[in-house]
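Q: Here the sequence shown is numbered in this note's numbering, starting from 282 and rising by one per residue.
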Amino acid sequence: MNRSAGRAIRVLLLSIVLWPLRTDAQEINSPYRFIETRQSAMVFGGYLSTGRGTLQLGPESTPFYGARYDLIVSGPFALEAEIGRFASTRMVWDTVAGDTTREAIGEADFGAVTALAALRFNLTGARTYHRLLPYLLFGLGAVVETSGESAIEEDLSSDLKLDYGTSFAGMLGGGIEWLTDGGFGVRLDARNILWKLKTPRAFLLREEGATLPSDEWSQNFSFTAGLVFHF
Numbered sequence: 282m283n284r285s286a287g288r289a290i291r292v293l294l295l296s297i298v299l300w301p302l303r304t305d306a307q308e309i310n311s312p313y314r315f316i317e318t319r320q321s322a323m324v325f326g327g328y329l330s331t332g333r334g335t336l337q338l339g340p341e342s343t344p345f346y347g348a349r350y351d352l353i354v355s356g357p358f359a360l361e362a363e364i365g366r367f368a369s370t371r372m373v374w375d376t377v378a379g380d381t382t383r384e385a386i387g388e389a390d391f392g393a394v395t396a397l398a399a400l401r402f403n404l405t406g407a408r409t410y411h412r413l414l415p416y417l418l419f420g421l422g423a424v425v426e427t428s429g430e431s432a433i434e435e436d437l438s439s440d441l442k443l444d445y446g447t448s449f450a451g452m453l454g455g456g457i458e459w460l461t462d463g464g465f466g467v468r469l470d471a472r473n474i475l476w477k478l479k480t481p482r483a484f485l486l487r488e489e490g491a492t493l494p495s496d497e498w499s500q501n502f503s504f505t506a507g508l509v510f511h512f
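1) For the stretch 396-403 and the stretch 338-346, state whether three or more C-beta atom pairs, one from each stretch, are separated by less than 8 Å.
2) Using alpha carbons as the reference points, say which of 442, 350, 329 lies closest to residue 341.
3) Can you tell me whether DSSP reads residue 484 as helix, strand or coil?
4) What residues in its chain sit with their C-beta under 7 Å from that of residue 510, if we drop five residues either side in the sequence?
5) How many angstroms separate the CA atom of residue 440 from the CA atom of residue 384?
6) Determine the DSSP secondary structure at residue 311, reduced to helix, strand or coil.
7) Between 356, 310, 335, which has its C-alpha nearest residue 318's C-alpha?
8) Could you check what DSSP says for residue 478 in three-state terms: helix, strand or coil?
9) Since residue 431 is in the beta strand (DSSP E), which residue starts that stretch and which ends it?
10) Suppose you measure from the CA of residue 407 to the CA of residue 445; what does that come to, to the nearest Å?
11) Which same chain residues, not among the five before or five after residue 375, have their C-beta less than 7 Å away from its C-beta?
12) Can the beta-carbon of residue 470 be found less than 9 Å from the beta-carbon of residue 502?
13) Does the Cβ of residue 421 have 16 or more other Cβ atoms within 10 Å, making it buried, or fewer, making it exposed?
14) Could you check the C-alpha separation between residue 499 and residue 451 for me, to the nearest Å?
15) Taking the alpha carbon of residue 316 as the reference point, which residue from 370, 473, 459 has its own alpha carbon closest?
16) Could you check the C-alpha separation between residue 372 and residue 339 for me, to the nearest Å?
17) Given this structure, state the Cα-to-Cα distance separating residue 482 from residue 443, to the nearest angstrom.
18) Beta strand (DSSP E) containing residue 407: first to last residue?
19) According to DSSP, is residue 440 helix, strand or coil?
20) Could you name the residues of the same chain whose beta carbon sits closer than 7 Å to that of residue 238, not counting the 5 residues immediately before and after it, in chain order?
21) Near residue 366, what residues of its chain come up, given a Cβ to Cβ distance below 7 Å and the 5 sequence neighbours on each side ignored?
22) For residue 431, which residues of its own chain have a beta-carbon under 8 Å away from its beta-carbon, when the five flanking residues on both sides are left out?
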């Protein structure tokens with residue numbers, strides 16, 4: 282074996298020995314992971330802490346559940362659509378004969394559906410940090426009453442009955458999601474959903490009505506947890 286062939290063999294053996302060290306040196310253990318998918322679907326459940334308003338016209342706090350769909354549109358921005366449902370009770374009020382005050386005469390069932398669309402901003406962009414994805418969002422939509430008239434209201438005049446109907450709604454909130462390698466995630470969030478409470482016309486016509494609002498915004502805080510599937 283000549284000298285040049287021996288040198289080539291030594292270089293080859295040295296390269297084989299050092300190759301794992303060179304490969305390890307090139308690896309960068311980053312806490313960030315890019316999100317490869319653009320869509321996700323979620324089912325959630327939680328609690329809705331309701332604001333009943335100055336006149337106590339709103340529903341009681343209650344469990345809250347529903348589904349959401351998300352679509353990443355560009356970088357850190359995503360669009361979200363939500364359908365939520367809750368079933369609660371509300372107080373039924375009547376005026377006191379010959380007086381300017383009102384009195385509670387019982388409770389009625391109250392159910393509603395929330396339909397909201399939101400723009401979401403992912404604070405870590407199109408990637409997670411240690412598998413975590415924090416975000417903020419704001420949105421608009423409607424809250425639609427589904428319960429209808431209660432039996433306890435049958436004997437009340439029409440201008441005493443509470444007409445919730447469909448109310449415009451706004452929403453602000455934020456949360457955090459933990460993603461797995463399998464495309465699933467767990468999401469926790471808190472939101473403030475605002476909608477209007479309408480004051481019955483009979484209360485506004487009485488002497489007390491001069492100091493009452495015809496309607497007012499109610500702040501309702503939802504706290505939810507859900508399972509997310511990315512695709």
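Here a beta-carbon is modelled for each residue, glycine too, at the ideal position from N, C-alpha and C.
A: So, from the data block:
1) Contact between the stretch 396-403 and the stretch 338-346 is absent: fewer than 3 CB-CB pairs across the two stretches fall below 8 Å.
2) Reading the sequence shown from its first residue, position 60 is the one you call residue 341. Residue 329 is the option with its Cα nearest to residue 341.
3) In the sequence shown, the residue the question calls residue 484 occupies position 203. Correct three-state label for residue 484: helix.
4) Stepping through the sequence shown from its first residue, residue 510 is reached at position 229. Around residue 510: 321, 322, 464, 465.
5) Working through the sequence shown from its first residue, we reach residue 440 at position 159. Working through the sequence shown from its first residue, we reach residue 384 at position 103. Cα-Cα distance, rounded: 15 Å.
6) What you label residue 311 is simply residue 30 of the sequence shown in a count that begins at 1. Residue 311: coil per DSSP, three-state reduction.
7) Stepping through the sequence shown from its first residue, residue 318 is reached at position 37. Considering only alpha carbons, the answer is 356.
8) As a working note, residue 478 is residue 197 in the sequence shown. Annotated three-state conformation of residue 478 is strand, per DSSP.
9) For the purposes of this step, residue 431 is taken as the residue at position 150 of the sequence shown. In the DSSP annotation of this structure, residue 431 is not part of any beta strand (DSSP E), being labelled neither H nor E.
10) Taking the first residue of the sequence shown as position 1, residue 407 is located at position 126. Taking the first residue of the sequence shown as position 1, residue 445 is located at position 164. Roughly 40 Å between the two C-alpha positions.
11) Working through the sequence shown from its first residue, we reach residue 375 at position 94. Same-chain partners within the cutoff: 383, 384, 386, 437, 441.
12) As a first step, residue 470 must be located in the sequence shown, where it is residue number 189. As a first step, residue 502 must be located in the sequence shown, where it is residue number 221. The Cβ atoms of residue 470 and residue 502 lie no closer than 9 Å to each other.
13) Within the sequence shown, residue 421 is the residue found at index 140, counting from 1. Residue 421 comes out exposed.
14) Translated into the one-based positions of the sequence shown, residue 499 becomes position 218. Translated into the one-based positions of the sequence shown, residue 451 becomes position 170. Cα to Cα, residue 499 sits roughly 10 Å from residue 451.
15) Along the sequence shown, one-based indexing puts residue 316 at 35. Nearest to residue 316 by C-alpha distance, out of 370, 473, 459, is 459.
16) Locating residue 372 in the sequence shown gives position 91, where the first residue counts as 1. Locating residue 339 in the sequence shown gives position 58, where the first residue counts as 1. Between the C-alpha atoms of residue 372 and residue 339 there is a straight-line separation of about 8 Å.
17) Within the sequence shown, the letter at position 201 stands for residue 482. Within the sequence shown, the letter at position 162 stands for residue 443. Cα-Cα distance, rounded: 9 Å.
18) To locate residue 407, count along the sequence shown from 1; it is residue 126. First-last for residue 407: undefined, no H or E at that position.
19) As a working note, residue 440 is residue 159 in the sequence shown. Reduced to three states, the DSSP call for residue 440 is helix.
20) This structure cannot settle anything about residue 238, because the visible part of the chain is limited to 282 through 512.
21) Position 85 of the sequence shown, counted from the start, is the residue given in the question as residue 366. Contacts found: 346, 347, 394.
22) Translated into the one-based positions of the sequence shown, residue 431 becomes position 150. Result list for residue 431: 373, 389, 390, in chain order.
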